[in-house]
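A.B. asks: Structure incoming, see below.
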Amino acid sequence: MKVLQEIQSSIVNGLASIYDHSENVEDILISQTRKEFQGDYTVVVFPFVKALRSNPIELGNRLGEYVIENLASVESFNVVKGFLNFTLTHEYWKGQLTEVGGQEDFGAQPRNGKKVLVEFSSPNTNKPLHLGHIRNILLGWSCSQILDAAGYDVIKTQIINDRGIAVCKSMLSWQKFGNGETPESTNTKGDHFVGRYYVLFEQKFKAEYAGWQTSEKGQEVLTELRKGEQSEEDFFVKYKNTYFNDYSVLGNEAKDMLLSWEAKDEPIRNLWMMMNSWVYDGFNETFKRIGVDFDKLYYESDTYLLGKKTVEEGLKREVFYRQEDGSVWIDLEDAGMDKKIVLRSDGTAVYMTQDIGTAMIRNANFGVEKMVYVVGNEQDYHFKVLFEILKRLGEPYADELHHLSYGMIELPTGKMKSREGTVVDADDIMVEVINEARLGSIDRGEIAEMDKEEQEDVLRKIGLAALKFMIIKIQPKKGMIFDPKESVDMQGQTGPYVQYAYVRIQSVLRKYKDNNFGSFDGYKEINEFELALLKEVVEFPNLVKTAAENYDPSSIANYCYNLGKMYHRFFHEVRILTAETEEAKAFRLHLSSVVARVLEKAMNLLGIEMPEKM
RNA sequence: GGCCCCGUAGCUCAACUGGAUAGAGUACUUGACUACGAAUCAAGCGGUUGAAGGUUCGAAUCCUUCCGGAGUCACCA
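What follows is the structure, given as structure tokens:
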């Protein structure tokens, strides 16, 4: 908004000419005037009081006088304590409405020519997506949309964890117990089908382990290794991984399978490809239902060996060092971190190696200026280390790496665990929430009149809006608790509430199909409801900018709610079609149409679609 | 134990990045559909911002200590 900068520079000029004092324009703090005071925008003058040895009231008054003489769009001012409040003219606000109304792409920043790669979703191919993935996907998607609106060229990507011991567990389980069943033969969605075998493996393994615990060998290990007061149960819980690696029959079979996979054993690779393709069919269905897509997919099976060459090169440049056993490390203690291994003693890669290599191949593929990783907060430390390593390797984009870290979604009973089957499934929750929308719409006329197909489309939009908004309105880094027994809200601070504001506008605007609302040039009496809306509307571009800078979709969700709320209020208090004058009517129609556009754009940034009726 | 994140109304969340009397939703109590759509609007109730110090014109926000909760500290991913 130009006027804010104009006020800021006018204050700077005022300080210079009245007090011979120099300030930077950026240091003039200007914000919306709080609603309990009179005015539109407020400048805080406290910071200059001390340097100028003046009192805040006098300072405010002299600066106010100066600004009002120099800026035509400022009508009046008042000073409360150290707060200098400016009121802008109605002509200014009408100009704003005209200006915003003329901008089809209002809110979008000019293209900056920079490429940013956003990684999100990143599932494992041994189990279906759950609510936690939904949070990840929504954050990644909306972050991509917001960065795009902020002028970046965005590459949406995910890395698919399609290999490793967990994947072998599902494969082995199917091989041993599957009797040749397929998703088709059992009429099951592919990812769920495979996930079922993963859970089955865990069950079989658990049974095997329980048997071993009471065996002679099990008891022997217990007596030998248990510490002091430790209970038998506690011991065996902690011993589980060692058992899997050292004693378990199933564990050994799974590990053998992983070795065969790594040795590119053909039957195993074929099994792997077949089962993964089932999973991808399932995933694609889920992605489609959520409403997301990707520009580029990376597979861990292609990338897990990457990065070794980089480590060798880094070794020569002494970024890394080799230990006597042959393993390669980096010492980050001077940056407040630990020493970290980047290559095992047998020369094979670890997770970190892979991520180094993946970052480089992405840069080679696209020439990125910036990368964003949407990954849960349990990996905060990993990314801190990764970014530091890339910096030391001198990667050109290393200063523009961001880990969009988010809190886990927990159930009232604690963490979701897919191995124990206590997860809220992504497909299930979407179906439920659409059903919830259906229940809520029984007694609402507009939906009943639609044909079946349109009805379902609208219910889908409403249900998904409720789910998505509920998740995305919360700041990413905060954890959240989701209670599957409580249905998702459709009233109050929700997606459908915002949609309803939009639908109300469409309902009015349908009477003006040609968008010919007439002229509001002569309109004199902009009221408080109209002004509040207009002020909020003009904030939108600024909001997109800061949301992109902070990687924070929740601020957009908040904005959507506020704007929707103001419109509902306006709609209730002010007559549109039966306005007092033709100018008033024209003004309100224009305003409504602009609000609708901003609501739609803003919700679109969150991946939420707007229905025309509901 | 080291590091990191979180703690705001009964519950779910805000607070324009240090600004004015900490705001919404929900729940509860009430009022508004013969005005463009009541998935809406309005009113009431609800707070020592986990605690104590400190920094300054001004602190939920910054610093210190403590309390409570989550995470992480693998030659796992």
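In my numbering, the protein residues as written are 1115 to 1728.
Idealized CB from N, CA, C, for every residue including glycine.
Predicted model, so just to flag it, every value in this text is computed and none were measured.
(1) Just to confirm, are residue 1202 and residue 1189 a CB contact at a threshold of 9 Å?
(2) Of the residues 1262, 1279, 1376, 1274, which one's Cα is nearest the Cα of residue 1355?
(3) Report yes if the C-beta distance between residue 1250 and residue 1276 is below 9 Å; otherwise report no.
(4) Tell me the residue span of the alpha helix (DSSP H) that contains residue 1799.
(5) Look at the alpha carbon of residue 1579 and the alpha carbon of residue 1247, and state the distance between them as a whole number of angstroms.
(6) Given this structure, state the Cα-to-Cα distance separating residue 1726 from residue 1574, to the nearest angstrom.
(7) Within the same chain, show all residues whose beta-carbon is closer than 7 Å to that of residue 1511, passing over the 5 residues directly before and after it, in chain order.
(8) Would the beta-carbon of residue 1470 fall within 9 Å of that of residue 1454?
(9) Relative to the C-alpha of residue 1436, which candidate in 1460, 1677, 1265 has its C-alpha closest?
(10) What number of angstroms, rounded off, separates the C-alpha of residue 1690 from the C-alpha of residue 1631?
(11) Between which two residues does the alpha helix (DSSP H) holding residue 1353 run?
(12) Alpha carbon to alpha carbon, how far is residue 1488 from residue 1663? Give it in angstroms, no decimals.
(13) Could you pull the DSSP bridge partners for residue 1540 from this structure?
(14) Could you compute how far the alpha carbon of residue 1604 sits from the alpha carbon of residue 1724?
(15) Confirm, please, whether the CB-CB distance from residue 1466 to residue 1428 is below 9 Å.
(16) Under 8 Å: do the region 1528-1539 and the region 1599-1614 share three or more Cβ pairs, one atom per stretch?
(17) Between 1719, 1684, 1713, 1362, which has its C-alpha nearest residue 1702's C-alpha?
(18) If we call anything under 9 Å between Cβ atoms a contact, is residue 1722 one with residue 1583?
(19) Using the Cα positions of residue 1376 and residue 1416, report the straight-line distance between them to the nearest angstrom.
(20) Report the CB separation of residue 1085 from residue 1521 in whole angstroms; it is logged as a contact under 8 Å.
(21) As an exercise, report each continuous beta strand (DSSP E) stretch of at least 3 residues that is fully enclosed by the region 1226-1312, in chain order.
(22) Thinking C-beta only, is residue 1598 closer than 9 Å to residue 1677?
(23) Identify whether residue 1131 lies in helix, strand or coil by the three-state DSSP scheme.
(24) Applying the 10 Å Cβ sphere with the 16-neighbour rule, what's the burial state of residue 1501?
(25) Would you tell me roughly how many angstroms separate the C-alpha atoms of residue 1768 and residue 1712, rounded to the nearest one?
(26) Rounded to the nearest angstrom, how far is the Cβ of residue 1634 from that of residue 1208, given a contact under 8 Å?
(27) For residue 1434, which residues from the same chain have a beta carbon less than 7 Å from its beta carbon, with the 5 sequence-adjacent residues on both sides left out?
(28) If you compare alpha carbons, which of 1218, 1217, 1197, 1266 is closest to residue 1231?
(29) Pick out whichever of 1611, 1224, 1147, 1518 has its Cα sitting closest to the Cα of residue 1264.
(30) Taking 8 Å as the cut-off, does the region 1208-1223 touch the region 1649-1656 (at least 3 CB pairs, one atom from each stretch)?
(31) Excluding five sequence neighbours on each side, which residues of the same chain lie with their C-beta closer than 8 Å to the C-beta of residue 1161?
(32) What does the Cβ neighbour count give for residue 1675, buried or exposed, with the cut at 16 atoms within 10 Å?
(33) Can you say whether residue 1577 is buried or exposed, counting buried as having 16 or more other CB atoms within 10 angstroms of its CB?
(34) Under 8 Å by Cβ, that's how I've got residue 1681 and residue 1709 pegged, so tell me the actual separation to the nearest angstrom.
(35) Based on Cα-Cα distance, which residue from 1320, 1505, 1241, 1586 lies nearest to residue 1446?
(36) Strictly by DSSP, which residues pair up with residue 1517?
C.D. replies: So, from the listed chains and residues:
(1) For the purposes of this step, residue 1202 is taken as the residue at position 88 of the first sequence. For the purposes of this step, residue 1189 is taken as the residue at position 75 of the first sequence. With contacts defined by Cβ atoms closer than 9 Å, residue 1202 and residue 1189 form a contacting pair.
(2) On the first sequence, residue 1355 is found 241 positions in, with the first residue counted as 1. Nearest C-alpha to residue 1355: 1279.
(3) Looking up residue 1250 in the first sequence gives position 136. Looking up residue 1276 in the first sequence gives position 162. No, they are not a contact pair.
(4) Residue 1799 falls outside the range modelled here, since the chain spans only 1115 to 1728, and no answer is possible.
(5) Against the first sequence, residue 1579 aligns to sequence position 465. Against the first sequence, residue 1247 aligns to sequence position 133. It is roughly 17 Å from the alpha-carbon of residue 1579 to the alpha-carbon of residue 1247.
(6) Position 612 of the first sequence, counting from 1, holds the residue named residue 1726. Position 460 of the first sequence, counting from 1, holds the residue named residue 1574. Taking the straight line from one Cα to the other gives about 13 Å.
(7) Indexing the first sequence from 1 puts residue 1511 at position 397. The residues are 1477, 1482, 1483, 1484, 1485.
(8) Within the first sequence, numbered from 1, the residue matching residue 1470 stands at position 356. Within the first sequence, numbered from 1, the residue matching residue 1454 stands at position 340. For the pair residue 1470 and residue 1454, the CB atoms are not nearer than the 9 Å cut-off.
(9) Here residue 1436 refers to the residue found at position 322 of the first sequence. Nearest of 1460, 1677, 1265 to residue 1436, Cα basis: 1460.
(10) Counting from one through the first sequence, the residue named residue 1690 turns up at place 576. Counting from one through the first sequence, the residue named residue 1631 turns up at place 517. Distance between the alpha carbons of residue 1690 and residue 1631: 11 Å.
(11) Taking the first residue of the first sequence as position 1, residue 1353 is located at position 239. Secondary structure note for residue 1353: its alpha helix (DSSP H) is the uninterrupted segment 1346-1360.
(12) In the first sequence, the residue the question calls residue 1663 occupies position 549. In the first sequence, the residue the question calls residue 1488 occupies position 374. Straight-line Cα distance between these residues: approximately 15 Å.
(13) Residue numbering aside, residue 1540 sits at position 426 when the first sequence is read from its first letter. Paired residue(s): none; residue 1540 is not in a bridge.
(14) Within the first sequence, the letter at position 490 stands for residue 1604. Within the first sequence, the letter at position 610 stands for residue 1724. One C-alpha to the other measures close to 15 Å.
(15) Taking the first sequence and counting its residues from 1, one reaches residue 1428 at position 314. Taking the first sequence and counting its residues from 1, one reaches residue 1466 at position 352. One thing to note: residue 1428 has its Cβ no nearer than 9 Å to the Cβ of residue 1466.
(16) No, because fewer than three Cβ pairs between the region 1528-1539 and the region 1599-1614 fall closer than 8 Å, the two stretches do not touch.
(17) Taking the first sequence and counting its residues from 1, the one referred to as residue 1702 is at position 588. Ranking the options by Cα distance to residue 1702, first place goes to 1684.
(18) For the purposes of this step, residue 1722 is identified with residue 608 of the first sequence, where counting begins at 1. For the purposes of this step, residue 1583 is identified with residue 469 of the first sequence, where counting begins at 1. Yes; because the gap between Cβ atoms is below 9 Å, this pair is in contact.
(19) On the first sequence, residue 1376 is found 262 positions in, with the first residue counted as 1. On the first sequence, residue 1416 is found 302 positions in, with the first residue counted as 1. Cα-Cα distance, rounded: 12 Å.
(20) Look at the range of the chain in this structure, 1115 to 1728, and you will see that residue 1085 is not part of it.
(21) For the region 1226-1312, whole beta strand (DSSP E) runs of length 3 or above, ordered along the chain, are 1229-1233, 1267-1274.
(22) On the first sequence, residue 1677 is found 563 positions in, with the first residue counted as 1. On the first sequence, residue 1598 is found 484 positions in, with the first residue counted as 1. Taking a C-beta distance under 9 Å as the contact criterion, residue 1677 and residue 1598 do not qualify as a contact pair.
(23) Counting from one through the first sequence, the residue named residue 1131 turns up at place 17. Of the three classes helix, strand and coil, the one that applies to residue 1131 here is helix, per DSSP.
(24) Position 387 of the first sequence, counted from the start, is the residue given in the question as residue 1501. With 16 or more Cβ atoms within 10 Å of its Cβ, residue 1501 is classed as buried.
(25) This structure does not reach residue 1768, given that the chain is present from 1115 up to 1728, and the question cannot be answered.
(26) For the purposes of this step, residue 1634 is identified with residue 520 of the first sequence, where counting begins at 1. For the purposes of this step, residue 1208 is identified with residue 94 of the first sequence, where counting begins at 1. Going by Cβ atoms, the distance from residue 1634 to residue 1208 rounds to 7 Å, so yes, they are a contact pair.
(27) The residue labelled residue 1434 in the question sits at position 320 within the first sequence. 1425, 1428, 1442, 1443, 1444, 1456.
(28) What you label residue 1231 is simply residue 117 of the first sequence in a count that begins at 1. Considering only 1218, 1217, 1197, 1266, the residue with the shortest C-alpha distance to residue 1231 is 1266.
(29) Mapped onto the first sequence, residue 1264 falls at position 150. The shortest Cα separation from residue 1264 among 1611, 1224, 1147, 1518 belongs to 1224.
(30) Proximity of the region 1649-1656 to the region 1208-1223 meets the contact definition, three or more beta-carbon pairs being nearer than 8 Å.
(31) In the first sequence, counting from the first residue as 1, residue 1161 sits at position 47. Exclusion of the five residues before and after residue 1161 leaves 1141, 1143 as the residues of its chain whose Cβ lies within less than 8 Å of its Cβ.
(32) As a position in the first sequence, residue 1675 is number 561, starting the count at 1. Classification for residue 1675: buried.
(33) The residue labelled residue 1577 in the question sits at position 463 within the first sequence. Residue burial annotation: residue 1577 is buried, with at least 16 other C-beta atoms found within 10 angstroms of its C-beta.
(34) Looking up residue 1681 in the first sequence gives position 567. Looking up residue 1709 in the first sequence gives position 595. Indeed they touch by this definition, with Cβ atoms about 5 Å apart.
(35) For this step, residue 1446 is matched to residue 332 along the first sequence. Out of 1320, 1505, 1241, 1586, 1505 has the C-alpha closest to the C-alpha of residue 1446.
(36) In the first sequence, the residue the question calls residue 1517 occupies position 403. Residue 1517 is bridged to 1487.
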